[in-house]
Amino acid sequence: MQADTTTSPDLTNPTDGPPAGYAAGGCAVPTGATAEDVSSPTRTVGTGSPASCTSEAFVSAVAGGGVITFNCGPDPVTITLNETAKIVNNTGVGPDSKIVIDGGGLVTLSGGGAHRILYMNTCDEAQVWTTSHCQDQDHPKLTVQNLTFIDANSKGESEFDGGGAIWARGGRLKVVNSRFFNNVCADTGPDVGGAAIRVFSQSQGLPVYVVNSTFGGGPEYGNTCSNGGGISSIGVSWTIINSLFSYNDAIGNGGNPSQPGTPGGGSGGAIYNDGNTMTLSLCGVLIEHNTVVQHGSAIFFVTNNHTGNVRIEDSLITNNTGGSWYPTYPQISNHDDTPIEVINSTIE
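My numbering numbers the first residue of the sequence shown as 6 and each following residue consecutively.
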């Protein structure tokens with residue numbers, strides 16, 4: 006099957022999309038958040054031509070694990086998936102059990118408006134149980150870098166809902182130099198979310214790193230879900246560096262728990278964080294032009310046990326619209342007692 010290197014009128018043309026990252030973001034990136042070395046790949050998708058970079062080749066490579074690169078020729082290529090690529094939990098390489106998917110800045114992965122793109126779940130027996138404590142294990146460590154994710158759709162998922170482009174539970178997740186355009190998940194629901202990414206159960210409460218990445222970025226590129234137009238998680242910490250969230254939408258209605266007569270949702274235009282002890286750290290981040298129906302036009306951050314905190318440094322949060330319940334800062338919904346540290350940033 007030939008790779009889909011064209012784009013139908015109803016799907017996204019990634020070559021016209023904004024670049025990865027927030028150009029004005031200048032925050033230092035800690036060692037653990039940098040891109041992974043892919044100079045010695047375990048496996049390569051493609052044999053040098055766009056036609057060799059098929060859905061089947063990519064899905065097979067992901068199932069095989071290790072360090073994955075692409076050889077699809079010198080020009081940008083879009084691989085439209087016929088099914089979701091699924092991580093197998095015992096296929097990491099090296100002492101850190103790493104799985105790395107690197108698009109080299111040329112590869113776009115498309116769900117074709119019908120499929121989630123990438124799935125990792127350490128608690129899914131079908132993907133191999135590797136410990137007796139799947140909800141808190143340190144492997145596999147999944148990194149996606151130098152990739153574009155477009156037109157993913159997880160609306161058909163029920164048990165593992167949300168996470169239009171990426172759904173991850175357990176181990177660790179890192180996202181570097183990547184773009185997310187026009188991904189969707191369920192339109193309604195009190196807690197479903199993450200049009201681009203949904204995450205659960207990161208090892209030892211360590212953060213998901215998102216570095217130099219773009220979620221939306223323009224009026225024709227935003228991601229949409231009931232909650233968390235960009236990202237969503239339950240009980241997960243995030244460290245987001247030099248990244249852009251704009252034109253994403255949380256379109257549910259009724260909040261969480263849902264109000265009588267409503268389906269629920271509609272919170273977290275860019276970011277939806279729910280659960281217990283967790284942190285959200287932003288440095289060099291622009292969040293603008295996101296919308297909600299219910300709460301948190303930029304950020305919805307609720308720790309049920311009142312132990313979480315937010316840190317916003319060298320960032321700009323502006324022109325996010327809709328919703329209510331902004332006790333501390335505009336566009337951010339949180340409990341009154343949630344510490345929010347703002348350093349050299351503007352929230353307006």
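Glycine included, C-beta positions come from ideal geometry on N, C-alpha and C.
Just so we're clear, the structure is a prediction, and the values are computed from it rather than from any experiment.
By Cβ distance, which residues of its chain are closer than 6 Å to Gln7, with the 5 residues on each side in sequence left out?
With a pLDDT of 38 at Gln7, under the threshold of 50, the predicted position of this residue should be treated as unreliable, though the coordinate-derived value follows. Within the same chain, Gln7 has close Cβ partners Ala56.
When the Cα atoms are used, what is the spatial distance from Tyr27 to Lys160?
29 Å
Count the other C-beta atoms from every protein chain shown that fall within 10 angstroms of the C-beta of Asn309, then say buried if there are 16 or more, exposed otherwise.
exposed
By DSSP, does Ser65 sit in helix, in strand, or in coil?
helix
Roughly how many angstroms separate the alpha carbons of Tyr252 and Tyr331, rounded to a whole number?
20 Å
Compute the distance between the beta-carbons of Val64 and Glu41, then report whether it is under 9 Å.
no
Considering only residues of the same chain and omitting the five flanking positions on each side of Val72, which have a CB-CB separation below 6 Å?
Val43, Pro46, Thr47 and Val105
Alpha carbon to alpha carbon, how far is Asp192 from Asp156?
15 Å
Under three-state DSSP, which class holds Glu130?
helix
Report the option in Ser338, Glu130 and Gly227 whose CA atom is closest to the CA atom of Leu249.
Gly227
Among Phe305, Gly167, Asp141 and Glu346, whose alpha-carbon lies nearest the alpha-carbon of Ala328?
The amino acid occupying residue 328 in the given sequence is Gly; Ala does not appear at that position. Among Phe305, Gly167, Asp141 and Glu346, the Cα nearest to that of Gly328 is on Phe305.
Rounded to whole angstroms, how far is the Cβ of Cys230 from the Cβ of Gly167, which I believe are closer than 8 Å?
7 Å
With a Cβ-Cβ cutoff of 9 Å, do Ile292 and Ile322 count as a contact?
yes
According to DSSP, simplified to helix, strand and coil, what is Gly269?
strand
Taking all protein chains shown into account, do 16 or more other C-beta atoms lie within 10 angstroms of the C-beta of Ile348, making it buried, or fewer, making it exposed?
exposed
Buried or exposed: Asp107, going by 16 or more other Cβ atoms within 10 Å of its Cβ?
buried
Taking Pro79 as the reference, give the member of Pro268, Asn95, Gly51 and Pro265 with the closest Cα.
Gly51
Is it right to say Asn95 is buried, meaning 16 or more other beta carbons lie within 10 angstroms of its own, or is it exposed?
exposed
Give me, in chain order, the residues of the same chain whose beta-carbon lies closer than 7 Å to that of Gln132; leave out the 5 immediate sequence neighbours on both sides.
Lys91, Ile92, Val93, Asn94 and Asn126
Looking at the structure shown, is Ser57 part of a helix, part of a strand, or coil, going by DSSP?
helix
Coarse secondary structure for Thr20, derived from DSSP in three states
helix
Option in Gly37, Cys77, Gly270 and Glu225 with minimal Cα separation from Val112
Cys77
From this set, Asn232, Asn281, Ser54 and Ser183, which residue's C-alpha is nearest Pro24's C-alpha?
Ser183
With DSSP as the reference, please indicate the residues paired to Val315 in a beta bridge.
Leu285 and Ile345
How would you label Leu211, buried or exposed, when you count the other beta carbons within 10 angstroms and need 16 or more for buried?
exposed
Hey, would you say Val149 sits closer than 9 Å to Lys179, going by beta carbons?
yes
By Cβ distance, which residues of its chain are closer than 6 Å to Arg316, with the 5 residues on each side in sequence left out?
Ser286 and Glu346
Whole-angstrom Cβ separation of Gly175 and Gly199, contact assumed at under 8 Å?
With 8 Å as the limit, Gly175 and Gly199 do not qualify as a contact, their Cβ atoms being about 16 Å apart.
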